[in-house]
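Asker: Quick one: this structure, given as structure tokens, is what I'll be asking you about.
Numbering (the working numbering), first residue to last: -1 to 88.
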């Protein structure tokens, strides 16, 4: 399945959350911190007022509560506005 974001939205694949263990204790998925970094996998065309500054392949930082989680072909992605992205890495 393909997904094409509209307007100024981008589709981001978050990096896997790091599994932190303390003394052999396994932390469940529900207690892991949400990743704040990801890779842009699709971008919308932008709007007449704001040009799209992100492109496919950009590694980005985003806010902790940014975006809406969607699942495509068993993988989790976030769809968010370009303005929810805080920075481009690299």
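Heads up, the beta-carbon is just placed ideally off N, CA and C, and yes, glycines get one too.
At the level of alpha carbons, what is the spacing between residue 43 and residue 1?
Answerer: Straight-line Cα distance between these residues: approximately 13 Å.
Asker: Which one of 78, 61 and 57 has the shortest CA to CA distance from residue 67?
Answerer: If we check each option's Cα against that of residue 67, 78 comes out closest.
Asker: Please go through the same chain and pick out, in chain order, the residues whose beta-carbon is closer than 8 Å to the beta-carbon of residue 73, but skip the five residues on each side of it.
Answerer: Here the set comprises 11.
Asker: For the candidate residues 3, 65, 69 and 13, whose alpha-carbon lies nearest to that of residue 35?
Answerer: Comparing Cα-Cα distances from residue 35 to each of 3, 65, 69 and 13, the minimum goes to 13.
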